[in-house]
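Novice:
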Amino acid sequence: MSDPPLENSIGNSVTPSSIEIGESELNSGKIVDSNEEISESESEESEIEESESEESEESESEESDSESEDNQYNQNGSNDEDDEIGVADEIISEIRRGVYTCLVCTGEIDEESPVWSCHHCFRVYDLNCIKNWAKNGSSTASDNSWRCPSCNGTHHALPKRYSCWCGKVLNPPVNSFTPHSCGQTCNIKFNDCIHGCSFGCHPGPHSKKCTALGPKLRCDCGKEEQQVPCFMTPYQKGWKCQNKCDDILPCGLHKCDKNCHSGLCGICETFIDAKCYCGKANESIPCHEKILKISELNDKQWIGAYSCEDDCEMTLDCGNHICPLPCHAMTPTIHECLLSPQRVKTCPCGKSKIEDINGVQRKSCLDPIPTCGEICNKILPCGHKCIWECHEGECSPCYVKVDSKCRCNYSQFIIPCSMNQEGFIPECTHRCPALLNCRRHRCGNVCCADEPIAMKRERERQKGIRKHSYTADRDDSMTIEATHICLKECGKLLSCEKHYCKMTCHLGPCKPCLESSSDELVCHCGKTIVQAPVRCGTKLPQCLNQCDREPSCGHPAMAHFCHEDDKECPKCVFPVTKKCQCDKQIDVKTVCYQDKVSCQRPCGKLLPCGLHKCIKLCHKPGDCPTKCTQMCSLKRECGHPCKEKCHGLSNPCNENLPCQEIVTIYCECKRISKQIFCNKFKSDSVLECDDECAREKRNKLLMEAFTINESSAESNSNKDYLAKIVMLDNPYNDFLISIYRQQKVWCQKVETTLRQITNGLLGRTSMHFPPMKPIQRRFIHELSQCFNIFAESQDPEPKRSVFIKVETNSKCPQFRLEEVSLAIQRVSDIEKRKQENKKILEDQRKDLENPFFNAIVIKDVFFGVNLIEIENFVLELANQLPNFINPMIKLMDDGSYLLYSESSKNNLELQEDLYDLISILPELLQSKNLAFSCYVCKIDPTASVIIKLDKTKSNKSTRNVTPEPESDLKDEEIVKPLDESTYNWY
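At position 156 of the sequence shown the residue is numbered 156 (UniProt numbering), and the sequence of numbers has no breaks.
#1: Do Ala943 and Ala855 have their C-beta atoms closer together than 9 angstroms?
#2: Exposed or buried, what is Trp146 when buried is set at 16 or more other beta-carbons lying within 10 Å of its beta-carbon?
#3: Is the beta carbon of Phe803 sitting closer than 9 angstroms to the one on Gln794?
#4: Could you have a look at Asn907 and say whether DSSP puts it in helix, strand or coil?
#5: Is Lys571 helix, strand or coil when you go by DSSP?
#6: Going residue by residue through the segment 872-924, where are the continuous beta strand (DSSP E) segments of at least 3 residues, counting only ones entirely within it?
#7: Return the residue from the list Phe932, Lys237, Ser364, Asn377 that minimises the CA-CA distance to Cys349.
#8: Tell me whether Asp565 sits in a helix, a strand or coil according to DSSP, three-state version.
#9: Would DSSP call Ile665 helix, strand or coil?
#10: Assuming the contact rule is C-beta atoms closer than 8 angstroms, His261 and Cys287 should be a hit. Round their C-beta distance to whole Å, please.
#11: What does the Cβ neighbour count give for Val861, buried or exposed, with the cut at 16 atoms within 10 Å?
#12: When the Cα of Cys553 is compared with those of Val591, Lys579, Gln542, Lys567, which residue comes out closest?
#13: Identify which residue in Cys105, Ile109, Leu103, Val104 has its Cα closest to the Cα of Glu94.
#14: In the DSSP assignment, find the unbroken beta strand (DSSP E) run with Thr758 in it and report its ends.
#15: When the Cα of Glu751 is compared with those of Glu782, Lys773, Asp734, which residue comes out closest?
#16: Here's a check: name, in chain order, each residue in its chain whose Cβ is nearer than 7 angstroms to the Cβ of Thr958, leaving out the five neighbours to either side.
#17: Do Leu899 and Val857 have their C-beta atoms closer together than 9 angstroms?
#18: Given this structure, state the Cα-to-Cα distance separating Glu67 from Asp143, to the nearest angstrom.
#19: Would you kindly work out how many angstroms separate the C-alpha atoms of Ile824 and Ile830, rounded to a whole number?
#20: Once you ignore the five residues that flank Phe413 on each side, which residues in its own chain have a CB closer than 7 angstroms to its CB?
#21: Which word fits Gln880, buried or exposed, when buried means at least 16 other C-beta atoms lie within 10 angstroms of its C-beta?
#22: May I ask which residues mark the beginning and end of the beta strand (DSSP E) holding Lys293?
#23: Tell me which residue opens and which closes the beta strand (DSSP E) that Pro286 is part of.
#24: Quick one: what does DSSP say Thr346 is sitting in, helix, strand or coil?
#25: Thinking Cys572 and Cys562 are a contact (beta carbons under 8 angstroms), I'd like their distance in whole angstroms, please.
#26: Could you check where the beta strand (DSSP E) with Phe199 kicks off and where it finishes?
#27: Suppose only complete runs of 4+ residues qualify. What are the alpha helix (DSSP H) ranges in the segment 401-482, listed by chain order?
#28: Is it buried or exposed, Ser284, if we count other Cβ atoms within 10 angstroms and call 16 or more buried?
#29: Since Ala449 and Cys408 should fall inside the 8 angstroms C-beta cutoff, what is the C-beta to C-beta distance between them, to a whole number of angstroms?
#30: Helix, strand or coil, according to DSSP, for Met232 in the structure here?
#31: Please report the straight-line C-alpha distance between Lys135 and Leu158, rounded to a whole angstrom.
#32: Measuring CB atoms only, is the segment 246-261 touching the segment 308-317, in the sense that at least three cross pairs come out at less than 8 angstroms?
#33: When you compare only the Cα positions, how much space is there between Gln301 and Gly319?
#34: When we look at the beta-carbon of Asn866 and count the other beta-carbons within 10 Å, is it buried (16 or more) or exposed?
#35: Per DSSP, what are the beta-bridge partners of Leu521 in this structure?
#36: Let me know the secondary structure DSSP gives Glu692 once reduced to three states.
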């Protein structure tokens, strides 16, 4: 990739070649403009300098490695340092002279302008300009990052403050010598050491090499130390002096002859002359291989260092056997015979002495060792005991049966203990069901050792998915066991729908198809083209030009975009008139592309049966059904239509088949009904009346005896009377009524079911209710008792249900739960109404006994006077009465107005206040043109009935006299009390 064009101090573009030339001239102390041409002499001088540098490099390569690296390192460092100083001097010089250009506003930057510098290219900008660029510039990305206008470098923080070049001082004072510098050491920390940049506060790049003096470091052997500059200090590798190590080796005899090195000196490789343990051989062996042991034989003693691997072949002390051991250290007891009578005193198992077995002691090592004949019972390495009889030599392998799981831990086998000790693992025939990493295929290996790991991993995966800490499309290919990595070919159809995936079976979607074509994709009109090479599966983009294909029908083409050849143009919907496809040939309005046109009328042609007509809608001629499949519909002897398939006029209806028409038969009183098939019906079939019919007949006669007919049954008294009749024959207890009022729909469904099964309408005599709560089961049990139906709870909780069965004496109650519930409520309302009437009578009696007046009635009101006018005038006067609390005005039915108090106070003080008011109120009402007259009166507690009036003149003498209860009252002015006998009908 070529380098992006940079910009010089005046904002012009500079090529990389011109930059290199400028940098070389800058190193030599000259500033060269990019627009100037380089002369031939200067180019020749540069070529000479390059050749000289190459020769100097060749001569330097002949020197030692360490010196050449150091010299090259110092040389490069000096060149980089010169470059960094040159860039900083150029920026400071242009800002000091006021000719440095801001690339955002193209204005000059001087020593007093707040500036900001890019840490990628070190380009300097005016602070306000770069702020606006970072916030509103076109380089702002979706992650709130922005790019430098010069180098296109990415920045994530917005420039907000003005600081010196090194960032130590905010808003630094004006510095004419070094603009925007704080004068302190830069000291920007390096990544590979503890020191920082040694330049003064400066723009541009920092020094690339640390020039500080590093710490003193000892060599790897620790004999010498040195101190060099920090960038030359080998912190990681260390350094080596030219001295020998001379440390004592692990043998303790020799010293390390290696040059200065790090780590341990290692084993001693010095060869020494050594004698073997048996004393037969002398060889030179490495010092680290010797293992010293003292040998003593025939008053001779030596130190052996190794084994010569030859057989000892010395005779044991018994004189009968030879030592079978290889070269070994000689000791006084090493050649004692292990079979001597002094050593072997018991049988091989150690349970019996030889004297007890043979009766005599063994005299020689050649004598056989007798066995006791008992079980050996020696502890074997596995922990079990030997099961064989006492024997010589080693015990046989253990044959105790032990349990051992197979490799997949799916099955358990019984194997000999010796095989278990040898590491034998049995193998079962179970196939591993674990999913491979592709999650498409399963393992299927027989007795897979990784199955337990895979099953545990799958459980953890499912748990993670439930807890939303593990995504379902997560790929575990890097952590899954090698056995469960799928090596099959994927084989899925790629998105191009032409090729198949050749990758190893994998999780997730396949990669795009990599096939391509050298043919261009061109639409039909030729205006939309996809240039070659065309990747497989690429579809032609939507062409936004109109399709130029002409429809074959000749009508104007539908306006639509150009499309590929395998896609049809929209169908022509030009309105046309066509003949329908049946024989009627009716003109039907339709669209052009519609070939089959229907008038939507039945065919109506007579079918071959001769009875029915074709009912198919408009169809082609000759497509009528050849065989009639309609219902016959001819009347049979019973009068019902024949419901068999049409059999034609030639074949009469089969009267031997029973008629399946449903008919209803009733009892004599029409209360009981039953639906049966017509074939079982007889003209004289009548159901027998039951006890319920007799009860209804009795109630009907009772109603007629009390002159209760249908026309008067809606009156309250008749309803109350019917409620009492229902209560006299109530089979339901309080519990049933209470549950019914709480769950009416469910209770009615249960009651209906019981009535249907009792009347035989369900076609069976027993049934099971579904499982339900205990209180619902109790309801069914108690309701079944009212029907004389057997009920029993079955099955344990929570599946406990109720089974019912109809018995011979089962019958339906006369009244339903709804009727009884309403009757009970009606009787309750009757009792409540009686109590209310008693209270009203009591209140009226008390009012009649109280002799004092408690209200004023205003009569003969002027025409047009309303309630508001009366209230505004009268209430103002009534509020002045001390005993008249919360006065109110009420319009009566006869057009008069009633002034009364809300309180129930009715005494002499209230009456005195009323007489005081009535002495002035008539004249005031007449003067205000409101009413002609007003009187003191007595009203009931509801303020709806005037019990009596006082029409006498209002004066002090009359007001002090207590009126008699019945004085000056006419019969029509006294309200008669309610007749209690009206409700006392039972």
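Glycine residues also receive a C-beta, built at the ideal position from the N, C-alpha and C atoms.
Specialist: A quick look at the data gives this:
#1: yes
#2: buried
#3: For Phe803 and Gln794, yes; Cβs fall inside 9 angstroms.
#4: coil
#5: coil
#6: 887-891, 897-901
#7: Closest by alpha carbon: Asn377.
#8: Correct three-state label for Asp565: coil.
#9: strand
#10: His261 to Cys287, Cβ: 19 angstroms. No contact.
#11: Counting Cβ neighbours within 10 Å, Val861 comes out buried, since at least 16 surround it.
#12: Val591
#13: Ile109
#14: No beta strand (DSSP E) holds Thr758; the alpha helix (DSSP H) holding it covers 744-758.
#15: Glu782
#16: Unreliable placement is indicated for Thr958, whose pLDDT of 36 sits below 50; no coordinate value is reported for it.
#17: yes
#18: Because Glu67 carries a pLDDT of 37, less than 50, the predicted location of this residue cannot be relied on, and the following value inherits that uncertainty. Taking the straight line joining both Cα atoms gives about 50 angstroms.
#19: 10 angstroms
#20: Ser404, Cys406, Pro426
#21: exposed
#22: 293-297
#23: 282-286
#24: Here Thr346 sits in strand by DSSP.
#25: Not quite, the Cβ-Cβ distance comes to about 18 angstroms (not below 8 angstroms), so this is no contact.
#26: Careful: Phe199 lies outside any beta strand (DSSP E) and carries neither H nor E.
#27: 417-421, 451-466
#28: By the neighbour-count rule (16 or more Cβ atoms within 10 Å), Ser284 is not buried but exposed.
#29: The pair is a contact, with the Cβ atoms about 6 angstroms apart (cut-off 8 angstroms).
#30: Three-state result, Met232: helix.
#31: Approximately 8 angstroms between the Cα atoms of the pair.
#32: Short answer: they don't touch.
#33: 23 angstroms
#34: Exposed, since its Cβ has fewer than 16 Cβ neighbours within 10 Å.
#35: Val530
#36: helix
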